[in-house]
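Working notes for the structure below.
There are 2 protein chains.
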Amino acid sequence: MALSDKQIRKMKAKRDKILDQAIILFSEHGYNDTTISKVAKASGVSFGSVFTYFENKEELFHHAVVERLKDLSPLLLDFNSNPEDPYKELESMIDKHIRLFANVGTYLRLVTQVIGQHQRFERQFKELDQFYRTFRYKIADLVAQGQSSGQLHREIDPITSSIAYTSFLMGIRLNLADQPEHDIWADFAPVAMQLFSPNIS
Amino acid sequence: MALSDKQIRKMKAKRDKILDQAIILFSEHGYNDTTISKVAKASGVSFGSVFTYFENKEELFHHAVVERLKDLSPLLLDFNSNPEDPYKELESMIDKHIRLFANVGTYLRLVTQVIGQHQRFERQFKELDQFYRTFRYKIADLVAQGQSSGQLHREIDPITSSIAYTSFLMGIRLNLADQPEHDIWADFAPVAMQLFSPNIS
DNA sequence: TGAAAATGATTGATCAATCAATCTTTAACA
DNA sequence: TGTTAAAGATTGATTGATCAATCATTTTCA
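Line by line, the protein sequences give chains A and B. If you're matching positions, the first sequence starts at 782 in our numbering and goes up one per residue. If you're matching positions, the second sequence starts at 782 in our numbering and goes up one per residue.
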């Protein structure tokens with residue numbers, strides 16, 4: 782007796798709700814202080830139901846980290862690493878990234894936990910690290926373009942610039958822990974640009 | 782029957798050992814996965830002894846965060862915010878900070894946890910935040926000096942610069958999680974300088 | 001000898017995971 | 001259309017493990 786489409790949709794919605802609340806709770810209270818019971822209560826589901834959607838707590842955590850990454854990665858990679866005007870493209874990239882980081886504070890707090898305790902969360906860390914490698918290199922490509930065109934100084938290695946920039950984004954996110962307001966975040970876009978040593982300003 | 786000096790020294794050493802191991806374990810495995818039993822084993826002390834030196838686990842964590850901060854804060858504030866040559870002073874400050882951050886990775890991982898979960902670790906966060914305010918403003922003072930002297934562009938607000946710089950330091954620390962090697966860290970000093978928009982380069 | 005530190009077994013609380021019982025949905029058939 | 005039975009989702013009480021904290025006993029030291 783297979784499930785109807787309606788039923789499947791209903792269950793998917795339930796799963797999503799559990800995962801959403803898990804992300805919030807894990808990010809605010811950490812792995813151990815987020816009990817299955819709290820996740821169940823927060824998502825309006827019985828204790829036992831959590832286990833019909835996720836094999837165990839570790840698996841729930843894993844999906845919390847990995848599934849949201851899948852949503853975010855195309856947004857983070859949404860820039861052209863071989864554009865006509867690298868400087869303009871960098872500016873537009875920074876603008877997008879800053880907006881994005883300002884809005885995904887909860888998830889990035891979770892990411893911070895995984896990075897900070899990568900021994901403990903080895904499996905999740907590997908997933909994040911793999912994406913980060915792609916991200917880093919794509920930015921470095923764009924920086925290299927900028928340097929070739931003479932719009933950026935050549936003194937700094939593109940990969941170093943790229944690591945500096947991504948570190949800066951994460952650092953700002955940590956720093957402005959509870960300020961999603963765009964006004965504050967927008968102030969940091971010109972500062973981020975400085976990291977790439979522009980020749981013109 | 783008062784304790785002898787020798788005895789007091791011995792006990793202080795024991796307390797230090799417990800605290801040192803607690804910092805390592807808390808930073809690598811987080812609060813809940815660091816059991817008192819593990820701390821006791823790691824520091825070569827009986828389970829019960831931990832409680833003669835620290836009232837409870839929460840207190841042990843608090844001291845792990847706060848006491849190390851007391852050691853580090855004078856080192857972080859060891860620069861002149863009203864020097865003859867602000868540019869040179871900034872360079873020297875950055876150099877010191879980079880060296881320091883490269884060497885206190887374990888403790889900074891702990892700091893990251895407290896910041897990332899400031900609701901959960903409210904008391905510890907307040908202590909860190911109070912120091913950070915001082916730190917931030919002292920850097921901003923130096924930047925303001927640099928702007929007045931014309932060595933730095935005026936386009937960016939000194940406090941914004943200061944937040945950007947401290948965010949950058951923490952971000953790099955997160956990023957290079959397990960690389961205390963100075964070579965890699967040293968590459969980031971010139972990038973950090975860029976955050977202050979120097980007029981000469 | 002007595003005062004204080006050290007020890008680890010015990011206790012009570014908490015939590016992940018299981019599982020038997022119940023409820024809901026679906027499809028076959030009259 | 002109404003009835004029924006099977007499939008599968010939902011539930012929360014129970015279980016077993018883990019851990020912080022206590023405390024009675026032992027050890028150390030002046």
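Note that beta-carbon positions come from the ideal geometry of N, C-alpha and C, so glycine has one too. Given the structure is predicted, the values throughout are model-derived calculations rather than measurements.
Would residue i pass as an interface residue toward chain B - the criterion being a Cβ-Cβ separation below 7 Å?
i, result
"TRP966(A)", "no"
"ASN956(A)", "yes"
"HIS963(A)", "no"
"GLY952(A)", "yes"
"ARG914(A)", "no"
"GLN928(A)", "no"
"THR816(A)", "no"
"ARG917(A)", "no"
"ASN884(A)", "no"
"GLN894(A)", "yes"
"ARG796(A)", "no"
"ASN813(A)", "yes"
Which residues in chain A sit within 8 Å of residue i, going by Cβ to Cβ distance?
i, result
"PRO971(B)", "GLU936, ILE937"
"GLU809(B)", "GLN898, GLN900, ARG901"
"SER943(B)", "Going along chain A, no residue has its Cβ under 8 Å from SER943(B), so there is no contact; the nearest lies around 10 Å."
So, using beta-carbon positions, are residue i and residue j closer together than 7 Å?
i, j, result
"GLN802(B)", "SER824(B)", "yes"
"GLY952(A)", "PHE949(B)", "yes"
"SER808(A)", "LEU909(A)", "no"
"SER943(B)", "ALA973(B)", "no"
"VAL831(B)", "VAL846(B)", "no"
"GLY897(B)", "GLN894(A)", "yes"
"LEU881(A)", "LEU856(A)", "yes"
"THR941(B)", "ASP968(A)", "yes"
"SER873(A)", "PHE912(A)", "no"
"ILE805(B)", "THR887(B)", "yes"
"ARG796(B)", "TYR834(B)", "yes"
"ASN837(A)", "ASN813(B)", "no"
I need the DSSP call for residue i, collapsed to helix, strand or coil.
i, result
"PRO979(A)", "strand"
"LEU957(A)", "coil"
"LEU800(A)", "helix"
"LEU881(A)", "helix"
"LEU853(A)", "helix"
"LEU950(A)", "helix"
"LEU858(B)", "coil"
With 7 Å set as the bound, which would you pick, yes or no: does the beta-carbon of residue i sit closer than that to a beta-carbon of chain A?
i, result
"PHE949(B)", "yes"
"SER978(B)", "yes"
"LEU871(B)", "no"
"LEU909(B)", "no"
"ASN837(B)", "no"
Output, in chain order, the set of chain B residues within a Cβ distance shorter than 7 Å of residue i.
i, result
"ARG880(A)", "Those within 7 Å of ARG880(A) in chain B number zero; the least Cβ separation is about 17 Å."
"GLN975(A)", "GLN975, LEU976, SER978"
"ARG890(A)", "GLY897"
Please identify the residue among the options whose C-alpha is closest to the C-alpha of residue i.
i, options, result
"PRO979(A)", "ARG914(A), PHE902(A), ASP866(A), THR887(A)", "ASP866(A)"
"SER862(A)", "LYS851(A), ILE875(A), ASP852(A), LEU853(A)", "ILE875(A)"
"ALA945(B)", "ALA970(B), SER827(B), PRO971(B), LEU976(B)", "LEU976(B)"
"ALA970(A)", "ARG917(B), THR833(B), ASP938(B)", "ASP938(B)"
"ARG901(B)", "GLU839(B), ASP814(B), HIS878(B), GLY931(B)", "GLU839(B)"
"ALA794(B)", "PRO864(B), GLN960(B), VAL885(B), VAL826(B)", "VAL826(B)"
"GLU903(B)", "GLU936(A), HIS810(A), ASP786(A), SER785(A)", "HIS810(A)"
"TYR868(B)", "HIS878(B), LEU841(B), GLY931(B)", "GLY931(B)"
"LEU858(B)", "LYS907(B), ARG914(B), HIS844(B)", "ARG914(B)"
"ALA883(B)", "LYS919(B), TRP966(B), PHE842(B)", "TRP966(B)"
"SER929(A)", "ILE817(A), PRO864(A), ASP852(A)", "PRO864(A)"
"LEU850(B)", "SER818(B), VAL885(B), LYS822(B)", "VAL885(B)"
"HIS899(A)", "GLU848(B), GLY829(B), SER785(B), ALA958(B)", "ALA958(B)"
"LYS919(A)", "HIS963(A), GLU870(A), GLY829(A)", "GLU870(A)"
Kindly list, in the order they appear in chain B, the residues whose Cβ is closer than 9 Å to that of residue i.
i, result
"ASP859(A)", "Ordered by position in chain B, no residue passes the 9 Å Cβ test against ASP859(A), which lies about 21 Å from the chain."
"ASP876(A)", "Simply none; closest approach about 16 Å."
Check whether the Cβ of residue i sits closer than 6 Å to any heavy atom of the ligand SAM, and report yes or no.
i, result
"ILE896(A)", "Questions concerning the ligand SAM fall outside what the structure shown contains, since it holds no ligand whatsoever."
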